[in-house]
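Top line first, the protein sequences correspond to chains R and C. Here the first sequence stands for residues 21 to 476, numbered as in the numbering used here. Here the second sequence stands for residues 22 to 202, numbered as in the numbering used here. Here the structure is laid out as structure tokens; the discussion comes afterwards.
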Amino acid sequence: MKDNKIPNNDLLNDFEESDLLKSLINKNSFKVPDQYFDVLESEILKQTVEQKPTITISLSGKIRNYKYLAYAASIIFILGLAFLFIINSSPQKLQYTKKDSQKLPESIQQLPFADSNKTNVAASKSVETENEKETHSIPVVTPKAGSVDFSTKKMNPQYANSTVATQALKETTDQKWSPVNSSQSGQNIALQPVFIAMESGAQTPNYIVNSTDHIQTQTLARLVKSSRFIPSDTCVSSGFNFTIAKRVKDTYRFVWNNEIEASTYHISEGQVLKLEIFIKDSLIKTEFSNITWVEKPQPEIPAFISICAYESVLIDAKISQKEYHFDWSVSTKNSSELLMENLPVGITEVKLRVTSCADTVWAFSKIEVKDCKFEIPNVITPNGDGFNDYFVIKGLNNYPGTELTVFDRNGKLIYHAPDYQNDWSPANLPEGTYFYSLKIKDSKQTEHGGVLNIVR
Amino acid sequence: MAQFTDQQIIDLCRSSQTRERGFRILVGQYKSKIYWHVRRIIYDHDDANDVTQQVFVKIWKGLDEFRGDSMLFSWIYRIATNESLNYLKRIKSHEMVPLENVTSWLENRVEHEEITGDEIERRLHKALAKLPEKQRLVFNMKFFEDLKFREISDILKVTEGSLKASYHYAVKKIEDSLTHD
């Protein structure tokens with residue numbers, strides 16, 4: 021221990037604090053959270069003694085020089101964590117963007133439309149664990165009441181239990197598209213509190229950043245210094261409000277574009293937004309945001325399409341700007357058109373999400389696929405008794421424009437209708453065997469022939 | 022828990038078999054002192070929490086290099102003081118606070134803290150935030166942490182005479198602002 025070389029100088033020790041000041045000695049005016057010091061201790065031990073054994077064991081403990089390796093490893097580990105943290109905390113990830121949706125993990129992106137439920141279950145499990153890890157983060161993006169929510173919206177109740185396929189589709193799309201899950205899809209929602217609330221125009225879904233809880237657990241100064249108030253890039257389609265959360269705006273002053281001092285700023289034009297943050301008169305921070313204006317996508321796809329099983333259908337959203345990203349519930353293709361072939365009989369729901377960097381717009385279509393099989397009788401009895409008087413082909417109404425031709429055994433033309441309507445009743449033909457030919461007006465000009473017996 | 026002397030802790034830390042136990046004792050005995058020391062310099066709880074953890078990690082890593090030619094006590098406090106001042110410097114530059122606003126910036130940090138106590142305590146802390154750094158440090162250690170001038174001198178490597186003068190000035194200024202503001 022070091023000797024104290026300076027003799028105690030009582031002269032300087034002489035002076036007395038005033039009684040007022042004395043009354044404050046050892047008073048502790050700052051708050052700490054309950055049980056904080058236990059938490060602190062365990063945190064410290066985690067980073068020190070409890071971290072070491074795993075490393076030293078692997079180095080067999082005796083090779084002293086290797087401890088630097090261990091340090092290096094732990095530093096790399098910490099840097100890695102920090103890097104992850106930085107990525108996670110970027111506040112620009114608040115909305116779906118074109119980039120974001122492209123980043124959907126392959127496992128989800130490639131889920132075929134009617135995939136087995138197994139995959140979905142696995143996916144949702146991993147989502148849950150992610151959630152546990154991020155309990156301290158806040159689910160920042162929540163669509164407002166007016167926006168589309170797949171999980172609750174029923175498109176056409178009458179088809180609710182029509183096919184298994186639609187059920188599977190629903191699960192797939194919920195997995196793929198529900199806003200909360202986007203944080204698990206590679207682009208993480210900010211871990212750090214971001215306390216701007218952004219509201220877009222009335223037409224687009226609203227994004228509100230809810231950070232009230234977090235503000236209580238974090239001190240304000242820390243929030244201000246560690247967060248961005250406006251994202252470095254903002255993409256909008258129409259007028260847009262930046263709103264500063266209440267507790268922050270009570271303490272700080274916000275000046276937008278050098279002219280307006282307010283806690284809410286409506287942007288309607290311009291390429292760059294400047295925000296200056298003051299405490300009293302001192303400037304604390306200056307932030308810029310580059311504004312990109314992109315027209316809101318307005319996809320138009322037919323709400324209901326009815327086809328036969330052998331037919332294909334082209335769904336065209338009729339927009340094709342490069343800035344848009346198209347997500348089809350039944351395809352991984354990023355295109356405004358979608359050709360659907362070989363559909364199963366039943367109802368197929370098609371959901372389209374068009375994303376620009378500012379907006380997400382949904383469109384829905386329901387495709388009814390009928391198997392459209394013909395049932396052609398081989399006997400008719402045109403005797404006027406009301407049964408089998410007419411040559412009625414079941415399923416013919418699915419094939420408008422079908423041409424019917426009837427011949428007798430000698431090949432003589434008996435009847436011809438370019439667009440047959442199930443209305444032929446050969447009342448005055450002799451009994452016997454006849455031949456018919458149906459020519460269906462589809463892309464392949466399918467022909468079907470057969471034998472028809474007329475009996476009285 | 023029985024209190025260990027610094028010397029006992031050092032002895033435990035010297036041997037690799039008992040080092041971990043020694044460090045656990047060290048953390049147990051110093052965590053709240055160091056936390057409060059750091060907190061009074063940088064005010065914000067979350068920052069103080071970060072810095073305190075860094076301090077103990079440094080101590081753990083530095084145990085080998087600690088030769089015992091100064092006291093464990095002052096060594097720990099010195100690390101804590103330096104880490105805190107560096108931290109302040111770093112976030113000041115990060116936030117680009119103009120030099121003339123540094124004190125008002127600190128005052129502002131104090132204002133963000135929920136100070137329990139009454140108005141007079143609030144004013145004490147505001148007055149404290151206006152002091153030059155060195156006077157503030159000395160005042161904190163002497164007034165709140167009840168350290169001896171000899172101990173402070175060991176920590177800050179400043180002569181006792183100069184410390185006493187600093188403390189004297191600090192007390193004068195604070196009393197002035199408590200009675201006049």
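Note that CB positions come from ideal geometry on N, CA and C, so glycine has one too. Only a predicted model underlies this, so the values are computations on that prediction, with no experimental measurement involved.
Bridge partners of R/K305 according to DSSP: R/I297. When beta bridges are read from the DSSP output, R/M360 appears opposite R/V333. Taking C-beta separations shorter than 7 Å and ignoring five residues to either side along the sequence, the partners of R/D443 in its chain run Y410, following chain order. Closest option to R/E289, judged by alpha-carbon separation, among R/S257, R/Q465 and R/P53: R/S257. Within chain R, the residues L60, E63, I64 and Q67 have their CB atoms less than 8 Å from the CB of C/Q74, given in chain order. Residue range E181 to H201 is occupied by the alpha helix (DSSP H) that includes C/A186. When DSSP reads this structure, R/T380 sits in a beta bridge with R/T375. Taking a C-beta distance under 8 Å as the contact criterion, R/T466 and R/C377 do not qualify as a contact pair. Take the alpha-carbon of R/N418 and the one of R/E315: they are about 41 Å apart.
When the five nearest sequence neighbours on each side are left out, the beta carbons in the same chain lying within less than 8 Å of the beta carbon of R/K390 are those of S326, I327, C328, A329, V365 and N418, in order along the chain.
The C-beta separation of C/E104 from C/V76 comes to about 5 Å, placing the pair in contact by the 8 Å criterion. The segment 294-303 of chain R makes no contact with the segment 350-358 of chain R, as fewer than three CB pairs between them are under 8 Å. By DSSP's assignment, R/Y454 forms a beta bridge with R/D428 and R/L472.
In the three-state DSSP reduction, R/F407 falls in the coil class, being neither helix nor strand. Going by DSSP, R/L433 is part of the beta strand (DSSP E) stretching over L433 to A437. Contact between the segment 91-99 of chain C and the segment 59-70 of chain C is not established, with fewer than three Cβ pairs separated by less than 8 Å. Bounds of the alpha helix (DSSP H) holding C/T73 are H66 to G83.
Per DSSP, the continuous beta strand (DSSP E) segment holding R/V275 begins and ends at R273 to W276. Partner residues in the beta bridge of R/Y285, as assigned by DSSP, are R/F262. In the structure shown, R/I327 falls within a strand segment according to DSSP collapsed to helix, strand and coil.
For R/S49, the closest Cβ of chain C is nearer than 8 Å. If you draw a 10 Å sphere on the C-beta of C/Q24, you find fewer than 16 other C-beta atoms in it, and that means exposed. In the structure shown, R/I45 falls within a coil segment according to DSSP collapsed to helix, strand and coil.
Secondary-structure assignment with DSSP links R/S385 through a beta bridge to R/V370.
Residue burial is scored here from C-beta neighbours: C/D68 has at least 16 other C-beta atoms within 10 angstroms and is therefore classed as buried. DSSP, read as helix, strand or coil, puts C/C34 in helix.
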